[in-house]
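Shown next, in structure tokens, is the structure this report addresses.
Protein chains: 2
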Amino acid sequence: MDRRQRKTREAIFRAFIELLSQKDFNQITVGEIIDRADIGRATFYAHFETKDYLLKELCEELFCHLFDSMHKDENHHRHIFDCDAPSSVFLHLFRHLQKNDNNILELLSGSNNELFLRYFKENLRRLVENQLSTFDAEKSAHLPESFRVNHIVSTFVETARWWVDNGLKETPEKITEYFLTVL
Amino acid sequence: MDRRQRKTREAIFRAFIELLSQKDFNQITVGEIIDRADIGRATFYAHFETKDYLLKELCEELFCHLFDSMHKDENHHRHIFDCDAPSSVFLHLFRHLQKNDNNILELLSGSNNELFLRYFKENLRRLVENQLSTFDAEKSAHLPESFRVNHIVSTFVETARWWVDNGLKETPEKITEYFLTVL
DNA sequence: TTATTACAGAACTGATTGTTCAATAAAATT
DNA sequence: AATTTTATTGAACAATCAGTTCTGTAATAA
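Below, the structure written as structure tokens:
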């Protein structure tokens with residue numbers, strides 16, 4: 001990839017994330033993004049078809065980073081706890097959320113980020129589907145699988161949002177415990 | 001209230017709901033609303049400051065209708081099941097959702113209705129806070145109250161959305177059972 | 001060195017929002 | 001019934017924004 005392209009792309013992402021931490025997605029205009037990124041209008045549209053695609057690609061990069069670093073962390077902490085336990089995956093996620101790399105938290109708690117939440121849930125769903133059997137309680141065995149997956153994913157997201165909205169006061173371990181208790 | 005005012009207000013709501021069943025909230029323009037409602041542009045802005053306020057007031061009317069009719073129904077069906085059971089409240093809600101008065105379902109399952117969901121949850125939260133004690137399991141007793149309330153509310157909303165998205169195939173009784181099982 | 005590619009910057013169209021105002025029609029008041 | 005108040009109309013208006021197009025220029029690759 002051309003060095004110029006890379007720089008422009010990063011400048012756009014940086015500006016976009018800064019703006020996302022200040023206001024809702026729908027309130028942000030292309031004009032604001034290009035002013036802050038200090039690029040030409042035509043350049044923006046050469047990179048992203050619309051604002052929606054910009055968010056989509058940003059999300060994909062964030063999730064790659066989130067899930068990649070999760071796998072690394074899993075190896076690194078292998079001696080601390082059992083990585084095969086379903087809790088470990090979520091504990092890792094909560095830990096990485098706490099770090100707030102790339103201001104992902106603003107996206108989670110914000111009020112007009114339906115699109116972001118959809119992507120987040122899509123990614124989580126894949127993760128949960130693979131591990132579904134480890135969650136099976138006798139009680140929920142007769143429920144449709146898609147319902148169970150949806151419930152786990154939704155509960156994770158809502159737990160994370162509650163955590164963020166209340167100022168991240170609990171430790172990742174504690175919030176994982178909350179999460180597993182209600183589950 | 002002036003008969004003229006009432007008529008235009010209803011025409012606006014009717015047009016707005018019809019449009020909401022066709023496309024996302026953010027895609028709907030004021031121009032489309034006034035064309036469909038067959039009123040002047042200035043008239044719209046005499047009634048609603050912005051499109052957001054229109055949605056807000058629509059939601060308030062829908063919730064009044066939903067919760068009012070729920071109370072009536074509660075009396076009407078008192079002989080059928082125990083209304084003090086926490087399940088009955090939610091069963092009523094699921095029943096009224098199934099009727100889909102005023103196309104409320106489109107709002108629930110749609111993709112850009114963060115605003116609507118916020119109002120929905122606010123109303124539900126009040127309901128749940130009053131009945132929280134009836135939900136207390138020993139397991140969740142040590143969790144913060146706001147977390148528990150949030151979890152119940154979120155789970156209800158997500159259950160309803162799953163139900164709607166999957167074509168309302170289950171009966172209200174069945175979906176209430178699903179809901180209470182995962183809870 | 002040459003050819004290719006990305007960017008700047010400006011101008012432009014079209015859509016949309018929200019406001020204003022004078023004329024008209026409906027409703028309320030006397 | 002006559003008068004006053006109020007709501008609506010319809011059109012025109014400015015402002016903002018999205019997305020496109022173009023030319024000249026600078027960076028990169030061949």
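So the sequence lines, in the order shown, correspond to chains A and B.
For the first sequence, the residue numbers in my numbering are 1 to 183.
For the second sequence, the residue numbers in my numbering are 1 to 183.
We put the beta carbon where it would ideally sit given N, CA and C, even for glycine.
1) Inspect the CB distances between the segment 154-169 of chain A and the segment 2-13 of chain B and report whether three or more fall short of 8 Å.
2) Where are the alpha helix (DSSP H) runs, 4 residues long or more, that stay fully inside the segment 93-137 of chain B, in chain order?
3) Helix, strand or coil for residue 145/B per DSSP?
4) From residue 83/B to residue 155/A, what does the alpha carbon distance come to, in whole angstroms?
5) Determine the chain A residues that contact residue 147/B at a beta-carbon separation under 7 Å, and present them in chain order.
6) If I measure Cβ to Cβ from residue 28/A and keep anything under 6 Å in the same chain, skipping five residues before and after, which residues do I get?
7) In three-state DSSP terms, what is residue 69/B?
8) Is it the case that the Cβ atoms of residue 59/A and residue 119/A are separated by a distance below 8 Å?
9) Report the residue from 110/A, 179/A, 146/A whose alpha carbon sits nearest the alpha carbon of residue 130/A.
10) Any beta carbon of chain A sitting closer than 8 Å to that of residue 57/B?
11) Are the C-beta atoms of residue 54/B and some chain A residue less than 8 Å apart?
12) Which value, in whole angstroms, describes the spacing of the CA atoms of residue 111/A and residue 116/B?
13) With a threshold of 8 Å between beta carbons, is residue 105/A in contact with chain B?
14) Taking a cut of 7 Å between CB atoms, which residues from the segment 3-25 of chain B lie near chain A?
15) Give the residues of chain A in contact with residue 143/B, contact being defined as C-beta atoms less than 8 Å apart.
16) Would residue 158/A count as contacting chain B if we go by Cβ distances under 8 Å?
17) By the DSSP assignment, the alpha helix (DSSP H) with residue 38/A in it spans what residues?
18) Taking residue 183/B as the reference, give the member of 172/B, 167/B, 150/B, 46/B with the closest Cα.
19) From residue 96/A to residue 40/B, what does the alpha carbon distance come to, in whole angstroms?
20) Measure the C-alpha to C-alpha separation of residue 132/A and residue 45/B and round it to an integer number of angstroms.
21) Under 8 Å between beta-carbons, which chain B residues line up against residue 150/A? List them in chain order, please.
22) Between residue 155/B and chain A, is there a C-beta pair that is closer than 8 Å?
23) Report back the beta-carbon spacing between residue 104/A and residue 128/A to the nearest angstrom; my notes put them in contact at under 8 Å.
24) At the level of alpha carbons, what is the spacing between residue 122/A and residue 157/A?
25) What are the boundary residues of the alpha helix (DSSP H) that residue 28/B is part of?
26) Along the chain, where does the alpha helix (DSSP H) containing residue 177/A start, and where does it finish?
Let's see:
1) no
2) 104-109, 114-131
3) If you number the second sequence from 1, residue 145/B lands on position 145. Reduced to three states, the DSSP call for residue 145/B is helix.
4) Here residue 83/B refers to the residue found at position 83 of the second sequence. Here residue 155/A refers to the residue found at position 155 of the first sequence. Here the model assigns residue 83/B a pLDDT of 45, short of 50, so the residue's position is not dependable and the matter cannot be decided.
5) What you label residue 147/B is simply residue 147 of the second sequence in a count that begins at 1. The answer, in chain order, is 162, 178.
6) Here the question's residue 28/A lines up with position 28 in the first sequence. Once the five neighbours on either side are set aside, the close Cβ partners of residue 28/A are 19.
7) Residue 69/B sits at position 69 when you count from the first residue of the second sequence. If DSSP states are grouped into helix, strand and coil, residue 69/B belongs with the helices.
8) Numbered from 1 along the first sequence, position 59 holds the residue referred to as residue 59/A. Numbered from 1 along the first sequence, position 119 holds the residue referred to as residue 119/A. Yes, the Cβ-Cβ distance between residue 59/A and residue 119/A is below 8 Å.
9) For the purposes of this step, residue 130/A is taken as residue 130 along the first sequence, with counting starting at 1. Selected option, being the one with the closest Cα: 146/A.
10) As a position in the second sequence, residue 57/B is number 57, starting the count at 1. Closer than 8 Å: no.
11) As a first step, residue 54/B is located in the second sequence; it is residue number 54 there, counting from the start. It does not; no Cβ of chain A falls within 8 Å.
12) In the first sequence, residue 111/A corresponds to position 111, counting from 1. In the second sequence, residue 116/B corresponds to position 116, counting from 1. If I take the Cα positions, the gap works out to 11 Å.
13) As a position in the first sequence, residue 105/A is number 105, starting the count at 1. With 8 Å as the cut-off, residue 105/A does not count as an interface residue toward chain B.
14) none
15) Within the second sequence, the letter at position 143 stands for residue 143/B. Result: 178, 181, 182.
16) The residue labelled residue 158/A in the question sits at position 158 within the first sequence. Chain B, which has a Cβ nearer than 8 Å to the Cβ of residue 158/A, makes this yes.
17) By one-based count along the first sequence, residue 38/A stands at place 38. Run containing residue 38/A: none; DSSP gives neither H nor E here.
18) Mapped onto the second sequence, residue 183/B falls at position 183. Selected option, being the one with the closest Cα: 150/B.
19) Counted from its first residue, the first sequence places residue 96/A at position 96. Counted from its first residue, the second sequence places residue 40/B at position 40. Between residue 96/A and residue 40/B, the C-alpha separation is close to 52 Å.
20) Reading the first sequence from its first residue, position 132 is the one you call residue 132/A. Reading the second sequence from its first residue, position 45 is the one you call residue 45/B. For residue 132/A and residue 45/B, the distance between alpha carbons rounds to 51 Å.
21) Mapped onto the first sequence, residue 150/A falls at position 150. Going along chain B in sequence order, the residues near residue 150/A (Cβ under 8 Å) are 158, 162.
22) Looking up residue 155/B in the second sequence gives position 155. So yes, residue 155/B belongs to the interface.
23) Here residue 104/A refers to the residue found at position 104 of the first sequence. Here residue 128/A refers to the residue found at position 128 of the first sequence. No, residue 104/A and residue 128/A are not in contact; Cβ-Cβ is about 19 Å, not under 8 Å.
24) Sequence index remark: in the first sequence, residue 122/A carries index 122 (1-based). Sequence index remark: in the first sequence, residue 157/A carries index 157 (1-based). Approximately 11 Å between the Cα atoms of the pair.
25) Within the second sequence, residue 28/B is the residue found at index 28, counting from 1. No alpha helix (DSSP H) holds residue 28/B; DSSP gives it neither H nor E.
26) In the first sequence, counting from the first residue as 1, residue 177/A sits at position 177. Residue 177/A -> alpha helix (DSSP H) spans 172-182.
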